[in-house]
Structure formats: structure tokens, C-alpha cells
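Protein chains in written order, with the numbering used here: chain G, 1 to 169; chain V, 170 to 526; chain U, 527 to 719.
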Amino acid sequence: MGERGTRFLREGMERPASRIDDVPEEKVIRSLIDSFPSTVTDFKKLGKGVVRARIARRDLYRCCKFLKDQLGFEHLSMISAVEYDKRFEIVYHISCYGSCLLLELITSTPKDDPSVDSVTSIWGGANWQERESYDLMGIKFNNHPKLERILLPKDTLYHPLRKDFKGGG
Amino acid sequence: MWINMGPQHPMTHGLWNLRIKVDGETIVDAEPEVGYLHRGIEKLCENRTYTQIIPIADRLCYGSSLTWSHLYCMTIEDLMGLEVPPRAEYIRVVSIEMQRIASHLMWLAAYAVDLGAMIGFIYTMRDREVFIDLLQALTGSRLTYNFPRIGGVAHDIPPNFERDSLRACDYMEKKLKEYEDLFDGSKVFMMRNQGVGVLRKEDAMNLGVTGPPLRASGVKYDLRKDMPYSVYPEMDFEPATHPDCDCYARYRVRMDEMYESCKIIRQAVQKMPKGKWRTVAPRNAPAGTGLGRVEDPRGEGMMYVVGDGTDRPYRLKIRSPIFVTVSAAKKMLVGYKVADVVAIMGGLDMCIGEADR
Amino acid sequence: MDLKSRPNNPSLGNVITFRSKDFVKWADGVLEGVLRRSPVGSGVDYLTKDFFNWATRNSIYPLHFGIMCCALEMAVASAPRFDAQRFGVIYRSTPRQCDVLLVNGPVSKKLKPALRRLYDQMPGPKWVIAMGECAISGGPFYNSYSVVPGVDQFIPVDIYIPGCPARPEALIDGFIKLQKMIKESKKGLLTGK
Numbered sequence: 001m002g003e004r005g006t007r008f009l010r011e012g013m014e015r016p017a018s019r020i021d022d023v024p025e026e027k028v029i030r031s032l033i034d035s036f037p038s039t040v041t042d043f044k045k046l047g048k049g050v051v052r053a054r055i056a057r058r059d060l061y062r063c064c065k066f067l068k069d070q071l072g073f074e075h076l077s078m079i080s081a082v083e084y085d086k087r088f089e090i091v092y093h094i095s096c097y098g099s100c101l102l103l104e105l106i107t108s109t110p111k112d113d114p115s116v117d118s119v120t121s122i123w124g125g126a127n128w129q130e131r132e133s134y135d136l137m138g139i140k141f142n143n144h145p146k147l148e149r150i151l152l153p154k155d156t157l158y159h160p161l162r163k164d165f166k167g168g169g
Numbered sequence: 170m171w172i173n174m175g176p177q178h179p180m181t182h183g184l185w186n187l188r189i190k191v192d193g194e195t196i197v198d199a200e201p202e203v204g205y206l207h208r209g210i211e212k213l214c215e216n217r218t219y220t221q222i223i224p225i226a227d228r229l230c231y232g233s234s235l236t237w238s239h240l241y242c243m244t245i246e247d248l249m250g251l252e253v254p255p256r257a258e259y260i261r262v263v264s265i266e267m268q269r270i271a272s273h274l275m276w277l278a279a280y281a282v283d284l285g286a287m288i289g290f291i292y293t294m295r296d297r298e299v300f301i302d303l304l305q306a307l308t309g310s311r312l313t314y315n316f317p318r319i320g321g322v323a324h325d326i327p328p329n330f331e332r333d334s335l336r337a338c339d340y341m342e343k344k345l346k347e348y349e350d351l352f353d354g355s356k357v358f359m360m361r362n363q364g365v366g367v368l369r370k371e372d373a374m375n376l377g378v379t380g381p382p383l384r385a386s387g388v389k390y391d392l393r394k395d396m397p398y399s400v401y402p403e404m405d406f407e408p409a410t411h412p413d414c415d416c417y418a419r420y421r422v423r424m425d426e427m428y429e430s431c432k433i434i435r436q437a438v439q440k441m442p443k444g445k446w447r448t449v450a451p452r453n454a455p456a457g458t459g460l461g462r463v464e465d466p467r468g469e470g471m472m473y474v475v476g477d478g479t480d481r482p483y484r485l486k487i488r489s490p491i492f493v494t495v496s497a498a499k500k501m502l503v504g505y506k507v508a509d510v511v512a513i514m515g516g517l518d519m520c521i522g523e524a525d526r
Numbered sequence: 527m528d529l530k531s532r533p534n535n536p537s538l539g540n541v542i543t544f545r546s547k548d549f550v551k552w553a554d555g556v557l558e559g560v561l562r563r564s565p566v567g568s569g570v571d572y573l574t575k576d577f578f579n580w581a582t583r584n585s586i587y588p589l590h591f592g593i594m595c596c597a598l599e600m601a602v603a604s605a606p607r608f609d610a611q612r613f614g615v616i617y618r619s620t621p622r623q624c625d626v627l628l629v630n631g632p633v634s635k636k637l638k639p640a641l642r643r644l645y646d647q648m649p650g651p652k653w654v655i656a657m658g659e660c661a662i663s664g665g666p667f668y669n670s671y672s673v674v675p676g677v678d679q680f681i682p683v684d685i686y687i688p689g690c691p692a693r694p695e696a697l698i699d700g701f702i703k704l705q706k707m708i709k710e711s712k713k714g715l716l717t718g719k
């Protein structure tokens, strides 16, 4: 519902080896399942060349390093932060130039401890995007080189995109 | 010594502050500062209906506002699972490519006047008016158009639009040759651009730089060709790349993109089918997520929307290409002189409206 | 008289030389007494008032300051099609040389002190034009947490140009209205009347 062309890939599904390597999306899914069997879950193919996966936040840094070094995902497109009732979700959109793929990697944090590891040392383009998520939503990124406010004045006390901030809209 | 260039500075088009640390005339460190134009658009969008956000999406990047409103409509159509009629897709492509030419001409005007060639400003603004007139005939407005709708476009093309757009493309290709003579034949322009502001391929890919600066560093990646959307698979064009990674390469890539846009406009105008130009979209969007990606004249634009079943988005996240490209300023500026700042930062075509949201 | 037996009165200062501070005090005194308050001053003003006013209103120098979309229309207003330069409008890069501050976009809370400082740096006589809906009242972002709803909350505005974005013809019309305003408030430079 809402997504075109979805196809669920369940763990343990038997597929012939040659067909996996031919379809790049399934190759990515298979390597993620093999390398991070317990923390990567819930795969969904969202369309041609777009794959979604969920990951626990303790393995996020290792998974991103694996994606960049082994699977060749050189470009981090976007880091979004979404606030739900009981959790924050941080959505990473990572793309691969060589095989024209986009991976949507979602991790969640509990409401009272919104912090994840920073991926700035893997992709330099994450620097300002993480600062923006910190500024507007209040997510803390561990080991970020300079986690400061970027869009709002430096002495602002609130995080405007949180749902309990009533103002501005 | 740290110097502040901005927020009011004739070179910095748009409202941002570039702090450079200089040692004599050489730049040792650089730190851009944005946020002077922050309007809180992502929070505003949570309290507006889906149709009310279209004019706000226009004002994200006012240099190429059609691209952003189309990106927004594509994202919401992905969320709702709507099919856009083919005539609307072709009209969208024609308007986006005309907007791309107008945006690149605006960039060239500002770039030329910063490098001292006021004649570049005069000629390019005059020729930009040709496309602005066509877009005014199509949409009704000069700058922020409010033209696309969720499920199509607002209205059909006016009479004689095909004839006028083909004439405009012929005119533009003649003028582009004149601009090449004007700028490539100018020793000062070439000296100020060649070898200046080098951004190597690995750095460009790592730092998230997209669009013409990425293609000018030798990476052949254009979203219209590699992950195509709309009716771009049926268009025959080549993404423009250049192997040198300097300011001249970025200028060259944008000039070539204008040629390719003329080609695309011709093909789209000739292949346009007849039929409806809009399907009516439902008022409420289903719960779920939608993703839209588009090749903006400045890079890769993305939007991610989370719907919750009502007529307002729960969360709308906007990825701005300039926000990420500006953070790579330090890599491009260190080691050059203060006088090169104009050429390097001008070559990135900054439109701060989208960076600050 | 040797230096050791000088009177020990610090307010007299150095009695040998004529200091620049004393010269400035004398010049001010001459201007106040002779020119500003006397028939000489009003005579000079009567002779030159019309001429200086004509020169002022035909050489309006705005500041090179673009905020948002209306800034593109401001740039187009000096392009060949609309050509604001024939009205004497030349953009200057530093506020010290400008007459008019053209505010053409929404003012965020981060920009507010910088804009106020720009306004204070301009020498008088100065005017402010609020161009576009965002500068007049906040525009489409009027209820945002980070936009000041209207630039006239902290800067006195003389001319409002509506539009979103304001067309270049509207901007030129605004300049002509400013010229009319300057003509109506004709004042002599010396006496200020």
C-alpha cells in the first residue's frame, strides 16, 4: 500500500546462486543477511533499484563500513530523523554509483536516549547532515567531529521539529 | 586571521557567511556558515495540506523552482501510488528542462559579473528572458510558478507553445556558441578558471557532492540517465562530464548541459501525446513512506515523506544538494588565493534557499 | 617661561599649539552660528535646495543585498529588459555608500542583528524599501518559528512593494514612488528645513 512494485524477500528463501548475482538488489540483500544475520531485518524492495532494510543501532557503524568498503556504496545521499510515539527513527539513504542502487537503512532509538554512532568518518558528506538532525530534532551522534547547531542561532534552546514543540506552523 | 565574507557580500549570491583563515593572501582554512535564511519549512509542512505545500516547495530553491515542486509532487505520488498521465509527464519534462536552461543562464550571469565580465550578465539575462516568457505563457508566473499538481500539471500547454519552444531552442543554440567564443576566447576568464579549485574524484564522491561539480570531477552519474524517472528513459541525450576537476570543468559541464536540455525539449515537444494532463488525487494520503529523487540543476534533490492517513504529512524531509556541496568548500579552497574564492564558490551555483530550508 | 612653571590646569591642555580638537570646535561653532542659524544658511539652502533634491532623487544607490526570490527579480530589474539604471539606480557593495536598503526576502531571527547593523551603518539621509510579501509581513512563512513577521518590526520602512515575487516593473514603480517621496520632503542640507 503506497509503494509500487513491492516484493518481500524472506530469510532462508532458496534461490539459485547465479540468479542472485545477476540481480544487484538481491545481491546486496544476500550479503547483508550473510554478514549481519541477527541485526539486519525486514527487507523490502521498494521499486527498481531501491531496497529498504532495518538495522539495530549497535551495528550501524560496522554495517555502514561494510557497505562502503565491501559493497561499494560510495555516496550517502540523505540522513533523515523521524519522531514517532515511542521511538526516533533515523533513515539513511545510501547509493551506489556503479550499480545504480539506493539502499534505505532505518535504525531506531528509544525516546529517552536519542543517540547513534556518527558515520562521518566513513562518508564525509554526513557531517553537516548529522549536525542538522541534531539541530532540528535533537539526535546526538557519538564521535562526531563538531556537533553544533548549524541552521538555528547557536544559543537556541529548543529542537523545533519535535512533536512537543508547538510553534511555527 | 579569520575573515568574514558575508552575509552581505556582493560575491556570495544568497545569504551565507564564508569564514576563511588567511595567511597573507593564501587561504589556510575555510568554514562556511549557513542558516541565515532558515524559515522552518519542514515544520510548516506538517501543518499544511498536501496541495498547500506546492507553492512552499517552489520557494525552496527559487533559481529552479519547477524542479522542486515537481520533486514534491513525485514524492507524494509515490506515497499515494498515483499514475500520472503521459501528457502530463511530457509537459513536466519540457518545463523542467526550460527551467534548467534558465537556471544555468542565471548562474552564468552571476558568475560572469563576479569575474569582472559585466557583458556576460547583460547577454545572458537578455536570453534568459526568452525562456522566462515561455514559462510565463505556460504557467502564468515569472519566478515561482505553482504549476505542478499531485497527479499531473495544473493546465494544458497554451496555443503555439510547440512552435515557440522549438524557435527558442534554435535561438539558444546559436547564442551558446556566442557565449563560448566570448568566454573561452577571454584569457582572463581562462586564467581565473583553469587549475583553480580542484576537487578530486574520490573527494567528490566521499563528501556527497552531486550534480555538475561531481560530473566535472569525472564521475559520469546523472540521475536522469542512471536511475531515470518520469519519461526520461525515452529521451536521447548524454550526461555532460569533464575530466579536469577545476572551475573550468564546472563551467564547461553546465554549458554542455544547456545543449543537452535543448535536445530534450525538442524531443519532448515532438513526442508529446494527446490526452489528459491531470488525474485527481485523493485528499488523504495513506500511511506509509514515499521517496522522490530528481536531478536538480544543482545536484541530487530528494524528498522523503511519511504519511499518516490524514491530509497533512507527518514528516517531510528535504535533501538539498547545495547544503552538502557547500560543506565541501574547505577541500576546494585551501591552498588558493583570496581572489580565487569568487571563482570557486561561484562555480558551485549556490542557491541558499534550499540549503537553509 | 620654562616648561616647569606652566599652569597646572589640565583643562587648558597644551597652550603652545593649536590642536585639532580646538579647530573642530571652532568649525562647528562657525557652522552653527554663521550658517545654520543665520540668514546666510537659509539663503544658501534656498538657492541649492531644489538642485540637491533633484540630484538625490535621481541617484538612488541601493545595497547589494539579496535574501530570497525577490532578489532574483531585483537582479533582473537591472538587466537589459527592465533596466533600472536609467533611473539612476546603481547597486553598491558597501552600506557606507548607499541611500536605500532594499529588503527582499524573509528575515530570520539569525539575520535580524546583521540587518539592523547594516541599517545603522548607512549614513543619512536613508530610506528602506520592503520588497515582496516576506519583507512586508512574513509572506508564506508568517507563522514560522524562525521568521520575523515583517521587517518593519525593527527597521522603519518607507515604501512597501507587494508581490510574491514582486515583478521587476513593480520594483521600478517602487523606485519612482520613492523619488516622489523624496521630492515631497524637500529639505535644505544646511538648515534642515
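Even for Gly, the Cβ is constructed at its ideal location relative to N, Cα and C. Note that the structure is a prediction, hence the values are computed from the model and not measured.
query	result
DSSP three-state assignment for Met-180 (chain V), whether helix, strand or coil	coil
Rounded C-alpha distance that separates His-182 (chain V) from Phe-544 (chain U)	51 Å
Buried or exposed (CB count within 10 angstroms, at least 16 for buried), Gly-665 (chain U)	buried
Neighbourhood of Glu-347 (chain V) by C-beta distance below 8 Å, restricted to the same chain and skipping five residues each side	Tyr-292
DSSP three-state assignment for Val-253 (chain V), whether helix, strand or coil	coil
Close-in-space but distant-in-sequence residues of the same chain around Met-294 (chain V) (CB under 7 Å, 5 per side omitted)	Ala-278
Chain G within 8 Å of Tyr-671 (chain U), Cβ atoms only	yes
Neighbouring residues, chain G, relative to Lys-635 (chain U) (Cβ below 9 Å)	Leu-152, Pro-153, Thr-156
Chain V contacts made by the segment 582–607 of chain U, where a contact means CB separation under 9 Å	Leu-589, His-590, Phe-591, Gly-592, Ile-593, Met-594, Cys-595, Cys-596, Ala-597, Leu-598, Glu-599, Ala-601, Val-602, Ser-604, Ala-605, Pro-606, Arg-607
Through-space distance from Lys-712 (chain U) to Pro-565 (chain U), alpha-carbon basis	19 Å
Range of the contiguous alpha helix (DSSP H) that encloses Val-493 (chain V)	490–496
Residue-level contact to chain V via CB, Glu-74 (chain G), 8 Å cutoff	yes
Backbone secondary structure at Ile-655 (chain U) - three-state DSSP	strand
Interface flag, Pro-160 (chain G) vs chain U, CB-CB below 8 Å	yes
DSSP state of Thr-195 (chain V) mapped onto helix, strand, coil	strand
Short CB-CB distance (under 8 Å) between Lys-166 (chain G) and chain V	no
Neighbourhood of Trp-170 (chain G) by C-beta, 6 Å cutoff - its chain only, sequence neighbours within 5 removed	Given a span of 1 to 169 for chain G in the structure shown, any question on residue 170 (chain G) remains unanswerable.
Closer than 7 Å at the beta carbon, the chain V residues around Ala-743 (chain U)	This structure leaves residue 743 (chain U) out entirely; chain U is present only between 527 and 719.
Contact set between Ala-640 (chain U) and chain V, taken where Cβ atoms lie within less than 8 Å	Pro-176, Gln-177, Tyr-205
Reference Glu-215 (chain V), options V:Val-510, V:Ala-512, V:Tyr-483, closest by Cα	V:Tyr-483
For Ala-81 (chain G), three-class secondary structure by DSSP	strand
N- and C-terminal bounds of the beta strand (DSSP E) containing Thr-458 (chain V)	457–465
Exposure label - Ser-625 (chain U); buried when at least 16 CB within 10 Å	First, the residue type needs correcting, since residue 625 (chain U) is Asp and not Ser in the sequence shown. With 16 or more other Cβ atoms within 10 Å, it is buried.
Any C-beta of chain V under 8 Å from that of Val-116 (chain G)	no
Proximal residues to Arg-261 (chain V) (C-beta, below 7 Å), its chain only, five neighbours per side dropped	His-239, Pro-317, Val-322, Ser-399
8 Å Cβ cutoff met for Ile-245 (chain V) and Val-438 (chain V)	no
Cβ-based contacts, 7 Å cut-off: residues of the segment 488–510 of chain V near chain G	Arg-488, Phe-492, Val-493, Ser-496
As assigned by DSSP and simplified to three states, the class of Phe-591 (chain U)	coil
Leu-103 (chain G) vs Val-51 (chain G) beta-carbon contact at 8 Å	yes
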